[in-house]
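Residue numbers (full-length UniProt numbering): 3 to 448.
In what follows, a structure is listed as structure tokens, so that the remarks can point back to it.
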Ligand code: GUN
Ligand code: FE
């Protein structure tokens, strides 16, 4: 890595750092020094470096280095590539029917309430605070069709120091709830208002999914995204019934992927949730266009939608992150998504013992670097590389309630990341906003 000796250093940390790289699913850097410049960017990261020498090169005072304890470590902030902010208010309930019925029965009626800005403010504050406490420093949100409430979500995320991508949802057909629908023209105009009004968060062009949008609207949204070089998000191939419906609605298209592709909605800034039933040919089209997938295993199981074959997605070299998909998924924690992704992979292995099960390290990478890559933010976040933002979780594995032997263990070494409850975390992003929370981690001793 190329250090930046001219940087103005504001913080230096010393201790254990764990993160992923393109080559290594989980890299453990012990006794490492990391410097953060005044813009919050990583100025240097050096393993086993000589402190005095580094302090001379970078001009910081060695006595001001923050030394992590033996039972602490830094890891990159978690990236939730797919979450519905308004659905947080009923997460954990209403998982008693398949996707299309669930949308009409629960989701659309609840989302229609977000016209009320006071209600939106309450729920959006809760979801941003909760996800930050769970270690999500970057989230890619669906809001609702309401532009002003969507702006509010962006504002709240920004105020709390969460890196957010936010989509005002677009839908101009197939909705059983009377007042929760736009005309084609409203959807287009409001999307333009949305993308031009709020510079603080990244606006995402968000057709809900093909069944909710006419071809005309999909085409207009593709054009808006292209003309403004914007992110795009939607759902794809989540559930068998949905795939069948898309075939009926778009008989001229070769596949579900082809529908989005035709309307210029598959770009290298696109993230599509689910993809359980994509064919190899469709995955090849994802690869070709640079579009990415968000794997939402809790939702896939909770709604009995399907199981994504992650190994096959990775073999096709399609960019992939993890998502909670609240409220299809009942947990707003990315660590839950890590667990569920492992579970799904293991179920696939039970069904076929030849199946190459995902390792914990690979899933850790999906939850961090994979997610930031999938959202095209990997030049800014996802791991500890010089020039990226210092976007990190400070993990204390010996916090109250943690396993006793960790506290007593002398000079613990991180062997691999495991599945443990009860660590204590601070979230550091931008100006070192700190949050405490309990966390499933991820630590092993030997
Ligand atoms: N497909 C279209 N809308 C939704 C949604 O809100 N949740 C999920 N899981 N799938 C969808
Ligand atoms: Fe979703």
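Every residue, glycine too, gets a C-beta built ideally from N, C-alpha and C.
Let me confirm a value: residue i is counted as buried when at least 16 other C-beta atoms fall within 10 Å, else exposed. Which label applies?
| i | result |
| --- | --- |
| residue 304 | buried |
| residue 281 | exposed |
| residue 199 | exposed |
| residue 122 | buried |
| residue 215 | buried |
| residue 47 | buried |
| residue 124 | exposed |
| residue 11 | buried |
| residue 20 | buried |
| residue 222 | buried |
| residue 14 | buried |
| residue 64 | exposed |
| residue 369 | buried |
| residue 39 | buried |
| residue 159 | buried |
| residue 352 | exposed |
| residue 181 | exposed |
| residue 98 | exposed |
For residue i, which residues does DSSP report across the bridge?
| i | result |
| --- | --- |
| residue 138 | 80 |
| residue 269 | DSSP, once it has assigned bridges, lists no residue as partnering residue 269. |
| residue 68 | 15 |
| residue 294 | 273 and 321 |
| residue 29 | 21 |
| residue 86 | 144 |
| residue 167 | 142 and 204 |
Excluding sequence positions up to five away, which residues of its chain have a Cβ less than 6 Å from the Cβ of residue i?
| i | result |
| --- | --- |
| residue 272 | 234 and 293 |
| residue 301 | 327, 330 and 331 |
| residue 59 | 7 |
| residue 335 | 136 |
| residue 108 | 96 |
| residue 393 | 79, 139, 383 and 431 |
| residue 412 | Only weak support is given to the placement of residue 412: the predicted model assigns it a pLDDT of 37, under 50, and the value that follows is read from those uncertain coordinates. So the list is empty, once near-sequence residues are dropped. |
Quick one: does the C-beta of residue i sit closer than 7 Å to a heavy atom of ligand 2?
| i | result |
| --- | --- |
| residue 297 | no |
| residue 327 | yes |
| residue 237 | yes |
| residue 169 | no |
| residue 233 | no |
| residue 275 | yes |
| residue 323 | no |
| residue 330 | yes |
| residue 86 | yes |
Apart from the five residues on each side of it in sequence, which residues of its chain come closer than 7 Å, Cβ to Cβ, to residue i?
| i | result |
| --- | --- |
| residue 391 | 42, 43, 382 and 383 |
| residue 131 | 162 |
| residue 306 | 100 |
| residue 176 | 213 and 214 |
| residue 347 | 312, 359 and 360 |
Comparing the CB of residue i with every heavy atom of ligand 1, is any distance shorter than 7 Å?
| i | result |
| --- | --- |
| residue 148 | no |
| residue 240 | yes |
| residue 374 | no |
| residue 21 | no |
| residue 107 | no |
| residue 210 | yes |
| residue 301 | yes |
| residue 101 | yes |
Quick one: residues in its chain with C-beta nearer than 8 Å to the C-beta of residue i, no 5 flanking neighbours on either side, listed in chain order?
| i | result |
| --- | --- |
| residue 70 | 15, 16, 17, 18, 76 and 396 |
At a cut of 8 Å, does the segment 299-318 reach the segment 111-124 through at least three beta carbon pairs?
Segments in contact, no.
Do the segment 128-148 and the segment 83-90 make contact, defined as three or more Cβ pairs closer than 8 Å?
Look at the beta carbons and you see the segment 128-148 touching the segment 83-90: at least three pairs across the two are nearer than 8 Å.
The segment 21-31 in contact with the segment 356-364 per 3-pair CB rule at 8 Å:
Judged by pairs of C-beta atoms under 8 Å, the segment 21-31 touches the segment 356-364, as three or more such pairs exist.
Three or more C-beta pairs below 8 Å linking the segment 157-175 and the segment 199-219
Segments in contact, yes.
Does the segment 224-233 come close enough to the segment 250-270 to have 3 or more Cβ pairs within less than 8 Å?
As far as the Cβ criterion goes, the segment 224-233 touches the segment 250-270, which means the pair count is three or higher.
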